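For the sequence shown, the residue numbers in this note's numbering are -18 to 504.
The next block holds one structure in the form of structure tokens; read it before the comments.
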Amino acid sequence: MPSFDEALQRAGEFGRFQRRAFLLLCLTGVPFAFLFVGVVFLGSRPERFWCRGPGAAALAERCGWSANVSALGCQDPLAAFPNRSAPLEPCRSGWRYAPAPATIVSQFDLVCVNAWLLDLTQAILNLGFLTGAFTLGYAADRYGRIVIYLISCFGVGVTGIVVAFAPNFTVFVVFRFLQGVFGKGTWITCYVIVTEIVGSKQRRIVGIVIQMFFTLGIMILPGIAYFIPNWQGIQLAITLPNFLFLLYYWVVPESPRWLVTQKKGEKALGVLRRIAKCNGKYLSPSYSEITVTDEEVSNPSFLDLVRTPQMRKCTLILMFAWFTSAVVYQGLVMRLGIIGGNLYIDFFISGVVELPGALLILLTIERFGRRLPFALSNVVAGVACLVTVFIPEGIPWLRTTVATLGRLGITMAFEIVYLVNSELYPTTLRNFGVSLCSGLCDFGGVVAPFLLFRLAAVWLELPLIIFGILASICGGLVMLLPETKGIVLPETVEDVEKLGSSIFPNACKCFQRKKTQVSSSHL
């Protein structure tokens, strides 16, 4: 009785069918990147603003005073005048902005005492990501990958339109949360489908390459924001492309691996034969029953991840690594919106910087292992953040160079953590462990905007110090993880314990791959 992987090998592990589906699904990463970092342009703060008080012009003329509008903002407009005794009151008549770009800041008056609400818009989006990872991730396991993918694409489109025309801030926040839920649904399901329709040897590469389409979205976003003058237009431009993915209903089939786990044998074999035909292969009629491994039917719990010493160590370090990657990455991206300079050019360059990251990962992880590049990328990011703080503003080229290294480092760390996470967990805990640990990524995204904007209000460089400390600590901690280069992936918790206790990681090649147990579920 052949296994699913054996049947897929006969049908073609990365033939024409997989390449086409891979390219189409990778495009999902572009609008997801728009959603992920779009707040930089949606929430751009006007250069000057002041309270629109009733009768202010007449009062100024009668009293014979005038104020420099550029010096107002949240400051006391009478602070420069002696003998003032009038108490300050909150701005009740709204704000005026000059120049007057239509952003969510000017739309909902997110300035001064309400400035923290801009942080909330990004935090609530990441809270939606976290919710979507668990709810739609579970739904994809139960109801199918492609079904949840299509529902998520439709949901992102509809909620994004509502966000663009939200009549008030409450509606804006509620539907931005929902857009985050569905947005995460599109990302995780497309990733799962891609990795499930290719062979095991190709999963590592496709998992890294798919991240490059996310980077492509970051590079495209400033162009969209440059040519569209208001935030509603930008919101629609980054939302509407999701409706195009609904056409995949006729192009991308359900994951045959998922169909196997649901005992839908005829449908699974139908998809495999379709793959084989497109790849120029032939699937023998003898493939009428395909086994399901315990990995695909087990129901692990959190206790399984922390019950033994080495599993507990790996889980806690990986959780911190996910959290740090999210905080530092999102923090550095959003920081571009508050440091001045040409936001569009700086943002585009920051996206270009990420492209070499994937290439460097592919070149280094097989030569030097996972642990060293993982640690160095975090340390480089941390040191770059700390060094940038002390570089004088009069040397902009040096600040830009160091900041670029930091962005490259944290991008590599972000991409490596998923690979290391999946290789350190045993077969029966792998999917659950990666999902749980990566949940700390979304939690980090909730914390990042508050950490950045509130600390930057105290001192612009203060967030960089926090980012530098977090990344540097993470770089040291990941060196405590076992090296997984050149070893057989662990299949049991006992294998992980042996892996973690080995002084020479490569010596772990000696433990033999155990024969995968097979459940009674079959086609």
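Positions of the beta carbon are idealized from the N, C-alpha and C atoms, including for glycine.
Just so we're clear, the structure is a prediction, and the values are computed from it rather than from any experiment.
key: Cβ-based neighbour list, T296, same chain, cut-off 6 Å, excluding 5 preceding and 5 following   = Taking the first residue of the sequence shown as position 1, residue 296 is located at position 315. Correct list, in chain order: L286 and V287.
inquiry  = Restricting to Cα atoms, I'd like to know which of V128, T116 and A362 is closest to L159.
reply    = Numbered from 1 along the sequence shown, position 178 holds the residue referred to as residue 159. Closest option to L159, Cα to Cα, is T116.
ask   = Given L389, which residues of its chain have a CB within under 6 Å of its CB, disregarding the five upstream and five downstream residues?
value = Reading the sequence shown from its first residue, position 408 is the one you call residue 389. Same-chain partners within the cutoff: V334 and G338.
Cβ-based burial, F146 [other Cβ within 10 Å; buried from 16] = By 1-based counting over the sequence shown, the position of residue 146 is 165. Flag for F146 reads exposed.
message = Taking the alpha carbon of D476 as the reference point, which residue from G420, F424 and E404 has its own alpha carbon closest?
response = Locating residue 476 in the sequence shown gives position 495, where the first residue counts as 1. Comparing Cα positions, the closest option is E404.
task = Could you pull out every residue in the same chain whose Cβ sits closer than 6 Å to the Cβ of D100, ignoring the five residues on either side in sequence?
result = Counted from its first residue, the sequence shown places residue 100 at position 119. P430, F431 and F434, listed in sequence order.
First through last residue of the alpha helix (DSSP H) which encompasses V368 = As a first step, residue 368 is located in the sequence shown; it is residue number 387 there, counting from the start. Start and end: R352 to V370.
request  = Specify the secondary structure class of S(-16) as computed by DSSP and reduced to three states.
outcome  = Translated into positions along the sequence shown, residue -16 becomes position 3. Strand, per DSSP.
query = Do G426 and G363 have their CB atoms nearer than 8 Å?
reply = For the purposes of this step, residue 426 is taken as the residue at position 445 of the sequence shown. For the purposes of this step, residue 363 is taken as the residue at position 382 of the sequence shown. No, the pair does not count as a contact, with Cβ atoms beyond the cut-off.
message = Report the CB separation of Q522 from F(-2) in whole angstroms; it is logged as a contact under 8 Å.
response = Only positions -18 to 504 of the chain appear in this structure, which leaves residue 522 out of reach.
Rounded distance between the beta-carbons of F3 and G198, thought under 8 Å = In the sequence shown, the residue the question calls residue 198 occupies position 217. In the sequence shown, the residue the question calls residue 3 occupies position 22. Their Cβ separation, rounded to whole angstroms, is 17 Å, which puts G198 and F3 out of contact at 8 Å.
key: Identified DSSP bridge partners for W76   = Sequence index remark: in the sequence shown, residue 76 carries index 95 (1-based). BP columns for W76 point to C32.
query = When the distance is taken between beta carbons, is L221 closer than 8 Å to G161?
reply = Your numbering for residue 161 matches position 180 in the sequence shown. Your numbering for residue 221 matches position 240 in the sequence shown. No Cβ-Cβ contact shorter than 8 Å links G161 with L221.
query = Are the Cβ atoms of F89 and F153 separated by less than 8 Å?
reply = Taking the first residue of the sequence shown as position 1, residue 89 is located at position 108. Taking the first residue of the sequence shown as position 1, residue 153 is located at position 172. It is a contact, given that the beta carbons lie within the stated cut-off.
task = Would you identify the three-state DSSP class for N107, choosing helix, strand or coil?
result = On the sequence shown, position 126 is the one that residue 107 refers to. Reduced to three states, the DSSP call for N107 is helix.
ask   = Roughly how many whole angstroms lie between the Cα atoms of S358 and R77?
value = Translated into the one-based positions of the sequence shown, residue 358 becomes position 377. Translated into the one-based positions of the sequence shown, residue 77 becomes position 96. Here the C-alpha atom of S358 lies approximately 44 Å from the C-alpha atom of R77.
request  = Could you pull out every residue in the same chain whose Cβ sits closer than 6 Å to the Cβ of V304, ignoring the five residues on either side in sequence?
outcome  = Sequence index remark: in the sequence shown, residue 304 carries index 323 (1-based). The identity of residue 304 in the sequence shown is Phe, whereas the question assumes Val. Excluding sequence neighbours, F304 sits near L421 and G425.
inquiry  = So the candidates are P71, C418, V137 and Q213; which of them puts its Cα closest to the Cα of P148?
reply    = Looking up residue 148 in the sequence shown gives position 167. Taking only the C-alpha atoms, the option nearest P148 is Q213.
inquiry  = Given this structure, state the Cα-to-Cα distance separating G246 from C259, to the nearest angstrom.
reply    = Residue 246 sits at position 265 when you count from the first residue of the sequence shown. Residue 259 sits at position 278 when you count from the first residue of the sequence shown. C-alpha separation (whole angstroms): 20 Å.
message = Do L253 and L563 have their beta-carbon atoms positioned less than 8 Å apart in this structure?
response = This structure gives no information on residue 563, because the portion of the chain shown stretches from -18 to 504.
task = State the DSSP-derived secondary structure class of N260, mapped to helix, strand or coil.
result = Working through the sequence shown from its first residue, we reach residue 260 at position 279. N260 falls in the coil class under three-state DSSP.
task = Go through its chain and collect everything with a Cβ distance to I219's Cβ below 8 Å, but skip five positions before and after it.
result = Taking the first residue of the sequence shown as 1, we reach residue 219 at position 238. Contacts found: P12, F15, L16, G19, G141, L202 and I205.
ask   = Any idea if W239 is buried or exposed, counting beta-carbon neighbours within 10 angstroms, 16 or more meaning buried?
value = As a working mapping, residue 239 is identified with position 258 in the sequence shown. With 16 or more other CB atoms across the displayed protein chains lying within 10 angstroms of its CB, W239 is buried.
inquiry  = Going by DSSP in three states, N323 sits in which element: helix, strand or coil?
reply    = Within the sequence shown, numbered from 1, the residue matching residue 323 stands at position 342. In this structure, N323 counts as coil in the three-state DSSP scheme.
key: G75, buried or exposed, once every other Cβ within 10 Å from all chains shown has been counted against 16   = As a first step, residue 75 must be located in the sequence shown, where it is residue number 94. Per the 10 Å Cβ criterion, exposed.
task = State the Cα-Cα distance for the pair R0 and S331, rounded to the nearest angstrom.
result = Taking the first residue of the sequence shown as 1, we reach residue 0 at position 19. Taking the first residue of the sequence shown as 1, we reach residue 331 at position 350. For R0 and S331, the distance between alpha carbons rounds to 28 Å.
key: Terminal residues of the alpha helix (DSSP H) in which L445 lies   = For the purposes of this step, residue 445 is taken as the residue at position 464 of the sequence shown. Where L445 is concerned, the enclosing alpha helix (DSSP H) stretches over L443 to L458.
ask   = Considering only C-alpha positions, which residue in the set P237, L443, P290 and E478 is nearest to R126?
value = Within the sequence shown, residue 126 is the residue found at index 145, counting from 1. The shortest Cα separation from R126 among P237, L443, P290 and E478 belongs to P237.
key: Residues that N211 bridges to, as DSSP identifies them   = Numbered from its first residue, the sequence shown carries residue 211 at position 230. Looking at the DSSP assignment, N211 forms a beta bridge with A83.
query = Hey, G188 and L400: beta-carbon distance below 8 Å or not?
reply = Translated into the one-based positions of the sequence shown, residue 188 becomes position 207. Translated into the one-based positions of the sequence shown, residue 400 becomes position 419. Taking 8 Å as the Cβ cut-off, G188 and L400 qualify as a contacting pair.
Proximity of G113 and F194 at Cβ, strictly below 8 Å = For the purposes of this step, residue 113 is taken as residue 132 along the sequence shown, with counting starting at 1. For the purposes of this step, residue 194 is taken as residue 213 along the sequence shown, with counting starting at 1. Not a contact, by the Cβ cut-off of 8 Å.
inquiry  = Are the CB atoms of R157 and I105 within a distance shorter than 8 Å?
reply    = Here residue 105 corresponds to residue number 124 of the sequence shown, with the count starting at 1. Here residue 157 corresponds to residue number 176 of the sequence shown, with the count starting at 1. Yes, these two residues count as a Cβ contact at 8 Å.
ask   = Using DSSP with H/G/I as helix, E/B as strand and the rest coil, what is S236?
value = The residue you call residue 236 lines up with position 255 of the sequence shown. Coil at S236, not helix or strand.
request  = Could you check what DSSP says for A2 in three-state terms: helix, strand or coil?
outcome  = To locate residue 2, count along the sequence shown from 1; it is residue 21. Three-state result, A2: helix.
ask   = Alpha carbon to alpha carbon, how far is W231 from P71?
value = Walking along the sequence shown from the start, residue 231 turns up at place 250. Walking along the sequence shown from the start, residue 71 turns up at place 90. Take the alpha-carbon of W231 and the one of P71: they are about 56 Å apart.
query = Quick one: is P234 buried, meaning 16 or more other Cβ sit within 10 Å of its Cβ, or exposed?
reply = Stepping through the sequence shown from its first residue, residue 234 is reached at position 253. Under this definition P234 is a buried residue.
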